[in-house]
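In terms of the UniProt record's numbering, the sequence shown is residues 1 to 212. Heads up, the beta-carbon is just placed ideally off N, CA and C, and yes, glycines get one too. Accompanying notes for the structure given below.
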Amino acid sequence: MKNFIPIIASIACSAILTTSMNTVTEATPTGKKKAVQPTTGIVKKLEHGDNACYVTLADNKGKLHNLSADFSICRQEKAYLNKKVRLTYKVSSINSPECQGRVPCNKKQRVNLISNMEVIGAGTKTATLPALGTVKKIINGDLLCYVSIVDDKGKQHELGADFGICGQEKAYLNKRVRLTYGLANVNDCQSAEPCGKTRQEQIIQKMELVRN
Numbered sequence: 001m002k003n004f005i006p007i008i009a010s011i012a013c014s015a016i017l018t019t020s021m022n023t024v025t026e027a028t029p030t031g032k033k034k035a036v037q038p039t040t041g042i043v044k045k046l047e048h049g050d051n052a053c054y055v056t057l058a059d060n061k062g063k064l065h066n067l068s069a070d071f072s073i074c075r076q077e078k079a080y081l082n083k084k085v086r087l088t089y090k091v092s093s094i095n096s097p098e099c100q101g102r103v104p105c106n107k108k109q110r111v112n113l114i115s116n117m118e119v120i121g122a123g124t125k126t127a128t129l130p131a132l133g134t135v136k137k138i139i140n141g142d143l144l145c146y147v148s149i150v151d152d153k154g155k156q157h158e159l160g161a162d163f164g165i166c167g168q169e170k171a172y173l174n175k176r177v178r179l180t181y182g183l184a185n186v187n188d189c190q191s192a193e194p195c196g197k198t199r200q201e202q203i204i205q206k207m208e209l210v211r212n
């Protein structure tokens, strides 16, 4: 019987050691890479969900991305569907999927939400850019400052601007302004990270308040 005691102790130690090693292994993070969200692509679908506007976007390589957007994006479906767009993201708090549509719900999650879409490509020529208008929204994006302008005919324009414009949001918001444009080199990559590619684009260089 005494001979069995060292054997039992040895087995117990091995079991404890194995359990400890397994515990450490399970606690070690897998090191998954953070998914890169596209900054340009073609809008394939817009769907009004419980927690956000859901966007299906095909990037420049044809890969589909399911993204979350501000509810206001869904209200402009006709303007964006099947169009090539440039996206601006903003970290926002939305209801958790656990809420399952219940309102109010105290469970929140922070996500990168599409806050602005700008149609690019055909139809964005310099001749169509408004010279006067009322500033409705100013958003500081990854690539540019983005401005929503309503012209004198009531048409809304989503325009790129110099970052200095975003720094003067209080001075321009809901004011009538005169716009001056200029060519600028803008990052032309699949993500906000620099890739060495740039494009030239007419952006707002200056805003001047128009006194009535």
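| Asked | Found |
| --- | --- |
| Going by DSSP, which residues form a beta bridge with Ala58? | Ile42, Leu64 |
| Could you round the C-beta distance between Ile203 and Leu113 to whole angstroms and report it? I think they count as a contact, below 8 Å. | Not a contact, Cβ separation roughly 23 Å. |
| Span of the alpha helix (DSSP H) holding Glu77? | 77-80 |
| With a threshold of 8 Å, are at least 3 pairs of Cβ atoms found where one atom belongs to the segment 172-190 and the other to the segment 62-77? | no |
| Between Tyr54, Gly196, Cys195, Gln200, which lies nearest to Asn185 when the distance is taken from Cα to Cα? | Gln200 |
| Going by DSSP, what residues sit across from Gln156 in a beta bridge? | Val150 |
| Using C-beta distances below 8 Å, list every residue in its chain close to Ala52, excluding the 5 sequence neighbours before and after it, in chain order. | Ser68, Ala69, Asp70, Phe71, Ile94, Val111, Leu113 |
| Pick from Leu129, Lys63, Leu132, Leu81: whose alpha carbon is nearest that of Pro38? | Lys63 |
| Can you check which of these residues, Gly154, Lys84, Ile139, is closest to Pro130 by C-alpha distance? | Gly154 |
| Grab me the residues of Glu208's own chain with a C-beta within less than 7 Å of its C-beta, minus the 5 sequence neighbours each way, in chain order. | Val177, Arg178 |
| Quick check: the Cα distance between Asp152 and Cys99, rounded to an integer number of angstroms? | 43 Å |
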